[in-house]
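Shown next, in the form of structure tokens:
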């Protein structure tokens, strides 16, 4: 069995294993570590879950996301209802700063704009809304407000990576230019790559991440 076939079977098995992925219409192909996902799902959250499942598989170096969201007729909602629900859900989420995020909805696509203090707040807002009925995508254009003290960003991120059992400190490099964080080096899986980016964004002074980590 070729490496591509083995990887294809592994990703398919991970999709079946993940309880968040229920669609039987997701296709998987693999070539030289690049995995393409295609087919249909009934909601946007499942599309995100399918990509996350594929990213966890060892040997996946990149993902081509071609899954389409087709909301069942009985679950479709008018844009006005989606917008009203989205605003209410954000207002109830303690991780989201109040009155800092604007919501626009067009044909089931939610667009977020505004400014937050830290990246986890942007993630929280997007995660909250992608689970709503009728949503086919969330375009997140939230920006992170620059922090005053950015001198120790690279040291803080390096320490966070060193605390994690996932990373070998010798293989991941971190440098910072103001709030811009540059990541380099190598990791074993796409999930580790994503975790490194998450650690970079967790620093209060981070305003952007230049991720050049390779999966080997």
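Residue numbers (the UniProt record's numbering): 1 to 216.
Even for Gly, the Cβ is constructed at its ideal location relative to N, Cα and C.
Which residues bound the alpha helix (DSSP H) around residue i?
i	result
residue 9	3–17
residue 50	44–55
residue 143	Run containing residue 143: none in the alpha helix (DSSP H); it sits in the beta strand (DSSP E), 137–144.
residue 81	79–92
residue 126	119–129
List the DSSP bridge partners of residue i.
i	result
residue 31	34
residue 175	182
In chain order, what residues of the same chain have a beta carbon less than 8 Å from the beta carbon of residue i, not counting five sequence neighbours either side?
i	result
residue 210	180, 181, 182 and 183
residue 8	28, 29, 30 and 35
residue 98	91
Could you pull out every residue in the same chain whose Cβ sits closer than 6 Å to the Cβ of residue i, ignoring the five residues on either side in sequence?
i	result
residue 192	166
residue 131	45
residue 129	86, 110 and 138
residue 214	186
residue 12	28
With C-beta atoms as the reference, is residue i less than 7 Å away from residue j?
i	j	result
residue 28	residue 60	no
residue 153	residue 203	yes
residue 26	residue 50	yes
Which first and last residues belong to the beta strand (DSSP E) in which residue i is found?
i	result
residue 67	62–69
residue 192	Here residue 192 belongs to no beta strand (DSSP E); instead the alpha helix (DSSP H) covers 190–202.
residue 160	Here residue 160 belongs to no beta strand (DSSP E); instead the alpha helix (DSSP H) covers 153–163.
residue 112	109–116
residue 102	101–106
residue 209	208–211
In chain order, what residues of the same chain lie with their CB nearer than 7 Å to the CB of residue i, ignoring the 5 residues before and after it?
i	result
residue 76	134
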